[in-house]
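Okay, so here's the structure we're looking at.
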Amino acid sequence: MVIKKLFSGSLALVYALTLMLPLTVFSAEETNSNYSNTKRIPLEDVQRFSNAIGEIKKYYVKPVDDKELFDNAIRGMLTGLDPHSSYLNEEEFKELQTSTSGEFGGLGIEVTMEEGVVKVITPLVDTPAFKAGIKSGDYIIKLGKESVQGLSLKDAVNLMRGKPGTTIELTILRKGVNKPLTFDLIREIIQIKSVKSKMLSEGYGYIRLTQFQALTGKDMIKAIEQLKQQAGGKLKGLVLDLRNNPGGLLDSAIQVSDAFLGNDKAGKQEMIVYTEGRLPGSKFTALANPGDVLDNAPIVVLINNGSASASEIVAGALKDNKRAIILGTKSFGKGSVQTVLPLDGKTGIKLTTALYYTPSGVSIQAKGIIPDIIVEEVDVPKNAVKKDTLAGFTEADLNGHLINKDNSENTESKNNQIQTGDLIHEDYQLYAALTVLEGMALANR
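Heads up: the sequence shown is residues 331 to 775, going by this note's numbering.
Below you can see the structure in the form of structure tokens.
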């Protein structure tokens, strides 16, 4: 049976959502053809495995079904490799092959297992988890009244799932906080809109990508064209916000990167990403096509530790090709690609088969993307910014300044100052990104 081949750089975890992003799927025929190149399993290891099953069946406190034993054995082999490899039972395998609609019920939180507890990779934007204040790097230690110790990731996720409108209490450990925090989250139907856009100030646009879905690249280009129209035909610069974006489809990450890249100074196509692995077809290089949707206007990319996988591909491509300044905090560091391999047509395994590399040859795995400019997420109280800090201080604030008889430009400038003044309190990292972007635009004149 040949299954449709899909390719994704997504985090490939079992989410606390019903969404399953598609991954590479190979047929059994493709994989079996390479089995002869692998060493045979030693007979003594097969015998040891058989003996263990026999002892369990004879002496375990209650009868155990053979299928359950074998499923658990396969699951144990895979979870022992890395956090992203897993066994897919019949239900999970079928769900993975089903196209997703982008709408699902859950908490809007992406998680993995670390040291026996559930670690938050990122809350998805505008979901119950995001609105409640769950943060990347939080550790979930209790779901309702049940401790997560001893639970598999799948079991923990199943506890988080439920009927929309129902409530679940999460108990969380957070770095820098001395005692556990509790959050009551209401499950709801979650609709993911992957592209959001707005004007920050005159001529400066803002695009936020919440996930990399099939249409994200096209939708982003449409949003940029709309921003260009609002700016009178051309943008002075763009902030591309990838914070708390857990990833998604590799093809989508390539399309987004390609929109801003083209040929280098020597006329060669700029590289976006390449992958390497042992599986046939896992060695892959993506190159940019000529053309830049921004006509080389400057870009600042925002990332944080919730930016993972496909987000890191985009940030790495734009950074290594010197197309953008990366600002924020270090990204998550998920630099591996998963492939779904069917076992019998009904079940399968999701296996890490390749690593991806940025154009400069750097593996992101467990390292992440280091920003060019590190700016932590901080809260700036409204009474903290004073004129003696020079924030918002201009020529017009000097005693005895010359009066400009044409007040139209001054009024527009004041309006933009008010916007920027609000931004420093609402989102300090975005404020910093806009400040850097304006400086880049001035330098390019």
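We put the CB at the ideal spot given by N, CA and C, even for glycine.
In chain order, what residues of the same chain have a beta carbon less than 7 Å from the beta carbon of residue i, not counting five sequence neighbours either side?
| i | result |
| --- | --- |
| Thr428 | Annotation note: pLDDT 49 at Thr428 (below 50); position unreliable, no value reported. |
| Gly663 | Ile694, Gln695, Ala696, Lys697, Gly698 |
| Leu478 | Here residue 478 is Val; the residue named in the question, Leu, does not match the sequence. Cβ within range, chain order: Val447, Val448, Ile470, Ile471, Lys472, Ala486. |
| Gly547 | Ser582, Gln585, Val586, Ala589 |
| Ile383 | Leu399 |
What is the residue span of the alpha helix (DSSP H) that residue i lies within?
| i | result |
| --- | --- |
| Gln759 | 758-773 |
| Pro701 | Premise fails: Pro701 is in no alpha helix (DSSP H) and is neither H nor E. |
| Leu399 | 396-409 |
| Pro413 | That residue, Pro413, is in no alpha helix (DSSP H); it is neither H nor E in DSSP. |
| Phe614 | Note, Phe614: premise wrong, no alpha helix (DSSP H); beta strand (DSSP E) at 614-617. |
| Pro458 | 458-462 |
Tell me, please, which residues DSSP counts as bridged to residue i.
| i | result |
| --- | --- |
| Arg370 | DSSP, once it has assigned bridges, lists no residue as partnering Arg370. |
| Phe542 | Gly578 |
| Asn593 | Gln599 |
| Pro453 | Ile439 |
| Val448 | Met443, Ile470 |
| Ile502 | Ile470, Leu511 |
| Asp571 | Arg538, Leu632 |
| Leu648 | DSSP, once it has assigned bridges, lists no residue as partnering Leu648. |
| Lys528 | Tyr536 |
| Val667 | Ala684 |
| Pro672 | Gly678 |
| Gly607 | Ala684 |
| Thr497 | Ile516 |
Taking its Cβ as the centre, do 16 or more other Cβ atoms sit within 10 Å of residue i, making it buried, or is it exposed?
| i | result |
| --- | --- |
| Asn575 | buried |
| Pro453 | buried |
| Pro689 | buried |
| Glu756 | exposed |
| Ser582 | buried |
| Ser527 | buried |
| Val525 | buried |
| Val766 | buried |
| Pro620 | exposed |
| Asn508 | exposed |
| Phe423 | buried |
| Gln521 | exposed |
| Thr659 | buried |
| Leu411 | exposed |
| Phe590 | buried |
| Met550 | buried |
| Pro393 | exposed |
| Asn713 | exposed |
| Asn289 | For residue 289 there is no data in the structure shown, the boundaries of the chain being 331 and 775. |
| Gln559 | exposed |
| Glu768 | buried |
| Thr457 | buried |
| Thr683 | buried |
| Ile629 | buried |
Please report the straight-line C-alpha distance between residue i and residue j, rounded to a whole angstrom.
| i | j | result |
| --- | --- | --- |
| Leu580 | Phe542 | 8 Å |
| Lys676 | Val710 | 54 Å |
| Lys484 | Gln556 | 42 Å |
| Thr501 | Leu473 | 7 Å |
| Ile537 | Arg378 | 56 Å |
| Ala553 | Val692 | 31 Å |
| Ser380 | Tyr390 | 15 Å |
| Ala486 | Ile471 | 10 Å |
| Ser416 | Glu445 | 17 Å |
| Leu565 | Gly438 | 33 Å |
| Ile371 | Glu600 | 44 Å |
| Gly533 | Gly563 | 9 Å |
| Gly636 | Leu539 | 12 Å |
| Ser466 | Arg573 | 10 Å |
| Thr496 | Tyr686 | 40 Å |
| Glu642 | Tyr604 | 13 Å |
| Ile464 | Leu617 | 37 Å |
| Gly592 | Asp622 | 6 Å |
| Leu399 | Lys387 | 9 Å |
| Asn759 | Ile704 | Here residue 759 turns out to be Gln, not Asn, going by the sequence shown. Roughly 9 Å separates the two Cα atoms. |
| Thr570 | Ile700 | Reading off the sequence, residue 570 comes out as Leu, not Thr. Taking the straight line from one Cα to the other gives about 16 Å. |
| Asn402 | Glu499 | 29 Å |
For residue i, I'd like the list of residues in its chain whose CB is within less than 6 Å of its CB, leaving aside the five on either flank, ordered along the chain.
| i | result |
| --- | --- |
| Lys649 | Ile656 |
| Glu440 | Tyr345, Ile451, Thr452, Pro576 |
| Lys613 | Glu606 |
| Gly665 | Leu685, Tyr686, Ser693, Ile694, Gln695 |
| Asn634 | Arg573, Gly658, Thr659 |
How would you write the range of the beta strand (DSSP E) that residue i sits in, first residue to last?
| i | result |
| --- | --- |
| Leu511 | 511-516 |
| Gly312 | Residue 312 is absent from the structure shown; the chain starts at 331 and stops at 775. |
| Leu483 | Unbroken run through Leu483 is the alpha helix (DSSP H), 483-490; no beta strand (DSSP E). |
For chain D, find out if any of its Cβ atoms is closer than 9 Å to the Cβ of residue i; answer yes or no.
| i | result |
| --- | --- |
| Lys387 | In summary, chain D is missing from the structure at hand, where a single protein chain is found. |
With hydrogens ignored, establish whether the beta-carbon of residue i is closer than 8 Å to any heavy atom of the ligand HEM.
| i | result |
| --- | --- |
| Pro689 | Absence of the ligand HEM from the depicted structure is noted, as is the absence of any ligand whatsoever, leaving it without description. |
Leaving out the 5 sequence neighbours to the left and right, which residues in its chain are closer than 8 Å to residue i when beta-carbon positions are compared?
| i | result |
| --- | --- |
| Ile679 | Ile404, Leu408, Ser415, Ser416, Tyr417, Leu418, Val670, Leu671, Leu673 |
| Ser363 | Any reading at Ser363 must be qualified, since the residue scores a pLDDT of 47, below 50, and its modelled position is unreliable; the value itself is stated next. Closer than 8 Å at the Cβ level, and outside the excluded window around Ser363, lies no residue. |
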